[in-house]
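**Q**
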Amino acid sequence: MFKKILIANRGEIALRIIRTCKEMGIKTVAVYSTADKDSLPVRFADEAVCIGPAQSALSYLSIPSVIAAAEITNADAIHPGYGFLSENEKFSKVCEEHDIKFIGATPEQIAGMGDKANAKSTMLKAGVPCIPGSKGLLKDLPDAIKTAEKVKYPIILKATAGGGGKGMRVVWKVEDMEAAWDATRAESAAAFGNDGLYMEKFIEEPRHIEIQVAGDQYGNAIHLSERDCSIQRRHQKLVEETPSPFMTDALRKKMGAAAIKATKAVDYEGVGTVEFLVDKHREFYFMEMNTRIQVEHTITEEVTNYDLIKEQIKLAAGEKITGGNLFPTMHAIQCRINAEDPDANFRPSPGKILTYHAPGGHGVRIDTHVYAGYEISPHYDSMISKLIVVAQTREEAIKKMKRALDEYIIEGVKTTIPFHQKLMEDPKFIEGDFNTSFMDTFEY
Amino acid sequence: MFKKILIANRGEIALRIIRTCKEMGIKTVAVYSTADKDSLPVRFADEAVCIGPAQSALSYLSIPSVIAAAEITNADAIHPGYGFLSENEKFSKVCEEHDIKFIGATPEQIAGMGDKANAKSTMLKAGVPCIPGSKGLLKDLPDAIKTAEKVKYPIILKATAGGGGKGMRVVWKVEDMEAAWDATRAESAAAFGNDGLYMEKFIEEPRHIEIQVAGDQYGNAIHLSERDCSIQRRHQKLVEETPSPFMTDALRKKMGAAAIKATKAVDYEGVGTVEFLVDKHREFYFMEMNTRIQVEHTITEEVTNYDLIKEQIKLAAGEKITGGNLFPTMHAIQCRINAEDPDANFRPSPGKILTYHAPGGHGVRIDTHVYAGYEISPHYDSMISKLIVVAQTREEAIKKMKRALDEYIIEGVKTTIPFHQKLMEDPKFIEGDFNTSFMDTFEY
Amino acid sequence: MNIKEIQDLIKFVAKSGVSEVEIEQKDFKIVIKSDDKKKKFQEQIVVQAAAPVAQIAAPVIATAPVVAETPVATSAAAEQEEDSKYITVKSPMIGTFYRSSTPEKPPFIVVGDTIKLGDAICIIEAMKLFNEIEAEVTGKIVKVLVDDSTPVQYDQPLFLVDPS
Amino acid sequence: MNIKEIQDLIKFVAKSGVSEVEIEQKDFKIVIKSDDKKKKFQEQIVVQAAAPVAQIAAPVIATAPVVAETPVATSAAAEQEEDSKYITVKSPMIGTFYRSSTPEKPPFIVVGDTIKLGDAICIIEAMKLFNEIEAEVTGKIVKVLVDDSTPVQYDQPLFLVDPS
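Residue numbers (numbering that gives the first Met the number 0), protein chains in the order written: chain C, 0 to 443; chain F, 0 to 443; chain S, 0 to 163; chain V, 0 to 163.
(1) What did DSSP end up calling C:His-296 once you bin it into helix, strand or coil?
(2) Measuring CA to CA, which of S:Phe-96, S:Gln-155, S:Val-143 is closest to S:Glu-131?
(3) Inspect the beta-carbon positions of F:Gln-311 and F:Ile-102 and report whether they are closer than 8 Å.
(4) So, for F:Leu-72: in the same chain, excluding its five sequence neighbours on each side, which residues have a beta-carbon less than 6 Å away from its beta-carbon?
(5) Looking at the C-beta of S:Ile-93, does it have a partner C-beta in chain F at a distance below 8 Å?
(6) Excluding the five sequence neighbours on either side, which residues of its own chain have a C-beta within less than 7 Å of the C-beta of F:Thr-121, listed in chain order?
(7) Does the distance from the C-beta atom of C:Lys-172 to that of C:Tyr-197 stay below 8 Å?
(8) I want to verify the contact list: residues of chain F whose CB lies under 8 Å from the CB of C:His-330, in sequence order.
(9) So for C:Met-167, helix, strand or coil by DSSP?
(10) Based on DSSP bridge pairs, tell me the residues matched to F:Cys-129.
(11) Between the Cα of F:Asp-194 and the Cα atoms of F:Pro-347, F:Pro-79, F:Met-167, which residue gives the shortest distance?
(12) Going by beta carbon distance, what residues of the same chain come within less than 8 Å of C:Val-65, once the five residues before and after it are set aside?
(13) Determine which residues share a DSSP beta bridge with F:Ala-213 and list them.
(14) Does the beta carbon of C:Glu-300 come closer than 8 Å to any beta carbon on chain F?
(15) Leaving out the 5 sequence neighbours to the left and right, which residues in its chain are closer than 7 Å to C:Phe-191 when beta-carbon positions are compared?
(16) F:Cys-334 bridges to which residues according to DSSP?
(17) Spell out the partners DSSP gives V:Asn-130 in its beta bridges.
(18) For F:Ile-230 versus F:Met-438, is the C-beta spacing smaller than 8 Å?
(19) In angstroms with no decimal places, state the Cα-to-Cα distance between C:Pro-446 and C:Glu-239.
(20) I need the DSSP call for C:Met-246, collapsed to helix, strand or coil.
(21) Among the candidates V:Thr-87, V:Pro-162, V:Phe-129, whose CA atom is the shortest distance from the CA of C:Ala-67?
(22) For C:Lys-2, would you say it is in contact with chain F, using Cβ-to-Cβ distances shorter than 8 Å as the test?
(23) Let me know the secondary structure DSSP gives C:Gln-231 once reduced to three states.
(24) Do the stretch 320-330 of chain F and the stretch 378-391 of chain F touch if we need at least three Cβ pairs shorter than 8 Å?
(25) For V:Pro-91, which residues from the same chain have a beta carbon less than 7 Å from its beta carbon, with the 5 sequence-adjacent residues on both sides left out?
(26) How big is the Cα-Cα spacing for V:Gln-54 and C:Lys-398?
(27) Taking one C-beta from the stretch 351-361 of chain C and one from the stretch 334-351 of chain F each time, how about it: are there three or more such pairs within less than 8 Å?
(28) For chain C, find out if any of its Cβ atoms is closer than 8 Å to the Cβ of F:Asn-8; answer yes or no.
(29) Taking only beta carbons into account, state which residues of the stretch 410-428 of chain F come closer than 8 Å to chain S, listed in chain order.
(30) Since F:Ala-160 is in the beta strand (DSSP E), which residue starts that stretch and which ends it?
(31) Just to confirm the assignment, what range does the beta strand (DSSP E) spanning F:Thr-27 have?
(32) Nearest to C:Glu-22 by CA position, among F:Gly-431, F:Met-400, F:Lys-427, F:Tyr-443, is which residue?
(33) Does any residue of chain S bring its CB to less than 8 Å from the CB of F:Cys-49?
(34) Pick helix, strand or coil for F:Ile-12, following the three-state DSSP scheme.
(35) Using 10 angstroms around the beta-carbon of F:Asn-117, count the other beta-carbons present and answer buried if the total reaches 16, otherwise exposed.
(36) Cβ of F:Lys-66 less than 8 Å from any chain S Cβ?
So this is what it looks like as structure tokens:
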């Protein structure tokens, strides 16, 4: 096992990793920018080293600085958390070269999964369903019709130069194809000066459901079931839960098997997440694989009773997976509490926290790096806390979350607590009837 | 189900009950003394009524005040928490007379279990093992020898007027009886002016192990396994854990069955606890039954995933028990954090909390009513927080507790955190090798 | 309906929280109105307690009272500052406040009366016990702060007295 | 032992944290001493970080720096107050501080030297890259605050300069 782990991150995830290291008896090194010198990770780590100024590019993203910190503190492993250098192929490689164990994917795995086209072809080869579509641009209408037959309706025509919702059109049956083809081409030509079109299967009422996986250095892989992350705003997850209210035993079995195929296809080592889109017919399609710990790993921990950071470290240290797949026995929900003003279009609200009172009691977990007196820096992301609840049923979990949100008092900055309170009262949310476009119509 | 529950208590347990009521959609009334007007239960309840001055006798223990508060707020049930009126036969009766549901035992059950002699004879009749001994005073040496034969050695001779460890003597075999008899009589006559002696079985290396039970109004009863509360100081529990490191499957089965017998013997309704002493040979003896929720119910919640306050309320409302006995699948430990100075013989340390920072993360639960700025009143007990951890194994739970204690910062008053930190490092504790006399020799 | 059924019904309505129930059968009619005093008290309290946490601007987890006083008491407290020469007589117990010993009788005291130590000034009922409250100050009644038949909390201001 | 084995052994000792290993075989002896600079830095940091939470009297979750500066930097800061007319040159990066370009060469600067903008004043090594650090002030070197071959953090004071 490692003797000393350097945590190349900040905020709640840095503290999260330090906690597990302490419980494992592993020494920790916190690296920090000048903006973070009063932070809890710096306080609770065994050693702390200042690696640069507030700007991430010159501190948390500076590979030489992080490596230098590891060298002068004799750390034998680096945990990158999420974001920053966690999926950086070069960093993983430099760690290897410096004989420091990178607790994450190998450079090859990161490269393989980081490149979308590459990842898709690997997945297709492994038998993991991907969103079907044309190979590149469509030649002409007959090509479009032929491709649509293979892809199966509904399909969506998209301008290769498109963006912002323009230059795309959903087609439900072959009879409508010609009109759609002509209209989309004309629109694209007018809007972008380029009438090249390609085709994808249209995903009806897509849900973002991801499967947590783990792989060891000996080719073994398991899955730890799903997380539903469909409640998103501008592709930022706001709320996550497990099990997904949309899940069935049969679908979990199929998605779990696909995720394991994906994991084995790249000989994946460590913990990772295979993200899928699931349509209303419960057909699912590979989106991408995250080769790191996720923000929302917490809810999987709550329903499986495993510490995923601990498992991640053990896998990096060369331990073998001995158990089988894990299934949720409870229901967990996480609300991301951001320093944002939900009344002002979620505008970031940095500043000093004046009052801080956290909820507690049975089934309530808080992962946070903030405290009364903490200054939320404008240099980093606005997530200040993860509030996680676990209960026997989804209904109970929602009620518990409401209770916990009511108790949570943060003053001095605006937070998304009122948004979450409203969300927990929403009939659609309570019914579990939502997909990734939920926030388009949700009225805060 | 009840519409509105009045909580006839204060501090963390009042807050604990409010939390569950909120999650169940039941309105709450907090009653409070003038000393508690800034407390969290007052803040988080739907209604709050001041019932008297700081002295408990004139507020939390005043039956007319509590009943008047229930009447003017139209509460249809009262939850007494622990302590105060929770095991008060008269209060339970007055609630009945006022048509307010007392969430606890009936007057008959409280009376039956409150009187020690009565309880013991009920238990013996039901076949629950009790500590054997003489019926009243021993007549003479032959009587003592005859009784000891039945009780089985080792036995302890005790002065009927004794106390403070004086006037008692352990006898291991019949050969030593005469000398012990003469010596103890002489000592008792000299020390107390009364040489009457009685006899009890001597419990070797006793552990305090209690069984959580639940009974419904239809005669059904289950047990929820044990809690080991052997770490005590002056009969005050300091640390509780489940499962007990001393427990075996066979013993749990036997003790569980005995606890259910005890529960059924009094037609017990609600949640309760049957306390046993367990000697080093794993023989166990009934001590008493607590007809209320316990401070340490939390650890049972963590390993069974049931909310015991919720179950208690449901049972009081007339719901049936449908499931079977519950067994721990995880390991939970609770440290009671008291405002006491462990460096000054655990002297109470009331005052204002200046800084408060609670630990968080996976498997850490805090039940507390305090916050930064809270004034700990000298009028009530010194427990200010319950820190509970849960993990897959006892070893992991101890490490997690250490980590959590290291993170826990309370300034302004002295607390028992440093004591618990030391305890978690103690080799005997870590081995699980302790009994109720542990604190006699533990060097803080 | 026999008398027992009627009693049960009354009890039920009282607990239910509704303000009025009217039942009419062939040869029977009953109207039950719920106790006004209780409703009023509840509303008062609910209004205070329902103030959402998020709307409180000052640091809330501080020593400031958060629920504590009823609106009556608050306004009394405000006036008290103006009238700091007056003494506030507070309720020594929780219960229901009555100004007279029975509804037919006149109030023990009215504004303008002079009271002296030991004079009966009101009754507070708790658990069907009617506790006569005696004056612990001497002076002239300036104001009665609580309506007749109203629930009062411990320490709630009842009267303003001018001791001069 | 072949060269590969020796290299591995050296690496192993370096990581192990022990300060010295001596191995003597029939016709072979090796002594490996671990890097002093690393050990020293570690000890410094450990001393600071190991101060138990419970011993800190002032409110700790406040804005005061909790680990931050090394003892060197702290004493420098203290002196700096006395010598407030001096400018502190801080490290622009984390790494290992060298006063000269190679061990054989003399230091870039010594106390008493006058430096001007752009003069090389030291080298900081990170990831085998030797970064020559240039002066951003003009003045006379009053004090060198860090020993040669010592690890430095970002923003750690290196020199005191008298600009007058």
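From the three backbone atoms N, C-alpha and C, an ideal C-beta is built for every residue, glycine too.
**A** Quick answer:
(1) helix
(2) Check the Cα spacing between S:Glu-131 and each of S:Phe-96, S:Gln-155, S:Val-143: the tightest is with S:Phe-96.
(3) Contact annotation: F:Gln-311 and F:Ile-102 have beta-carbon atoms nearer than 8 Å.
(4) It should be noted that the sequence gives Thr, not Leu, for residue 72 of chain F. Residues Val-28, Glu-46 of the same chain have their beta carbon placed closer than 6 Å to that of F:Thr-72, with the five preceding and five following residues left out of the count.
(5) Taking Cβ atoms only, chain F reaches closer than 8 Å to S:Ile-93, which makes this a yes.
(6) Gly-111, Ala-264, Val-265
(7) no
(8) Correct list: empty, because the minimum Cβ distance to chain F is about 11 Å.
(9) DSSP, reduced to helix, strand and coil, places C:Met-167 within a strand of the structure shown.
(10) DSSP lists F:Phe-285 as the beta-bridge partner residues of F:Cys-129.
(11) F:Met-167
(12) Leu-5, Ala-7, Val-30, Ile-50, Tyr-59, Ile-77, Leu-84, Phe-90
(13) As DSSP reads the structure, F:Ala-213 sits in a beta bridge with F:Ile-221, F:Val-270.
(14) Taking Cβ atoms only, chain F reaches closer than 8 Å to C:Glu-300, which makes this a yes.
(15) Ala-158, Ala-160, Gly-161, Gly-166
(16) According to DSSP, which records beta bridges pairwise, F:Cys-334 is partnered with F:Val-238, F:Leu-386.
(17) V:Ile-123
(18) yes
(19) Given that chain C is displayed from residue 0 to residue 443, the structure contains no residue 446 of chain C and the question cannot be resolved.
(20) Correct three-state label for C:Met-246: coil.
(21) V:Phe-129
(22) Taking 8 Å as the threshold, the shortest C-beta distance from C:Lys-2 to chain F does not fall below it.
(23) strand
(24) Using a Cβ-Cβ distance cut-off of 8 Å, the stretch 320-330 of chain F and the stretch 378-391 of chain F are in contact, since at least three pairs of beta carbons, one from each stretch, lie closer than that value.
(25) Ile-132
(26) With a pLDDT of only 34 at V:Gln-54, under the threshold of 50, the placement of this residue in the model should not be trusted; the figure read from the coordinates follows. Rounded to the nearest angstrom, the two C-alpha atoms are 41 Å apart.
(27) no
(28) Answer no: the Cβ-Cβ gap between F:Asn-8 and chain C never drops below 8 Å.
(29) none
(30) 154-162
(31) Its beta strand (DSSP E) spans residues 26-32.
(32) If we check each option's Cα against that of C:Glu-22, F:Met-400 comes out closest.
(33) yes
(34) Under the three-state reduction of DSSP, F:Ile-12 is assigned to helix.
(35) exposed
(36) Rather than Lys, the amino acid found at residue 66 of chain F in this sequence is Ile. Yes, because at least one Cβ of chain S sits closer than 8 Å to the Cβ of F:Ile-66.
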